[in-house]
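S.K.: Mind looking over this structure? Questions follow.
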Amino acid sequence: LTNWNIAALSAQMFDASSTFVALTFFSNFWEKHILGSSAMAFFESRNIFLIFGSASWVMFALKLLVVPAVLFAIDKYGETEDEKKFMKMIIVLLGIAIGFRNTLELGMFG
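First residue of the sequence shown: 166, per this note's numbering; consecutive thereafter.
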């Protein structure tokens, strides 16, 4: 496990955590991504593993399934080390940016 892999997974878990808090404890927030909202709707419509009436924990499961698979693909099929680091840096930045946006929205509008 490289430092970039750890950073990428940590950043995405930060995003999942901020999403979980916003969706579970604040009624005026909703999931904006189609995959996350569809997965949550699936579990909520069947009353499966609801936490405070919400299936927002699904974001953790999705991130823990998708991010390591993407990182593995980058490590295996990336051509140069610089290319691999660049793609992982994008994953890190997306996780941090969206996580901070969610957190700031909670602070401003929560």
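Just so it is clear, CB atoms sit at the ideal spot from N, CA and C, and this is done for glycine as well.
For clarity, every value in this text was computed on a predicted model and none was experimentally measured.
I'd like to know whether the C-beta atoms of I216 and W222 end up nearer to each other than 8 Å.
M.R.: Yes. Within cutoff.
S.K.: Hey, quick one: how far does the alpha helix (DSSP H) through G243 stretch, first residue to last?
M.R.: Here G243 belongs to no alpha helix (DSSP H), and DSSP marks it neither H nor E.
S.K.: Can you tell me whether DSSP reads I171 as helix, strand or coil?
M.R.: Helix.
S.K.: Let me know if M205 comes out buried or exposed under the rule of 16 or more other beta-carbons within 10 Å of its beta-carbon.
M.R.: Flag for M205 reads buried.
S.K.: Please state whether the Cβ-Cβ distance between F274 and N193 is less than 8 Å.
M.R.: For F274 and N193, yes; Cβs fall inside 8 Å.
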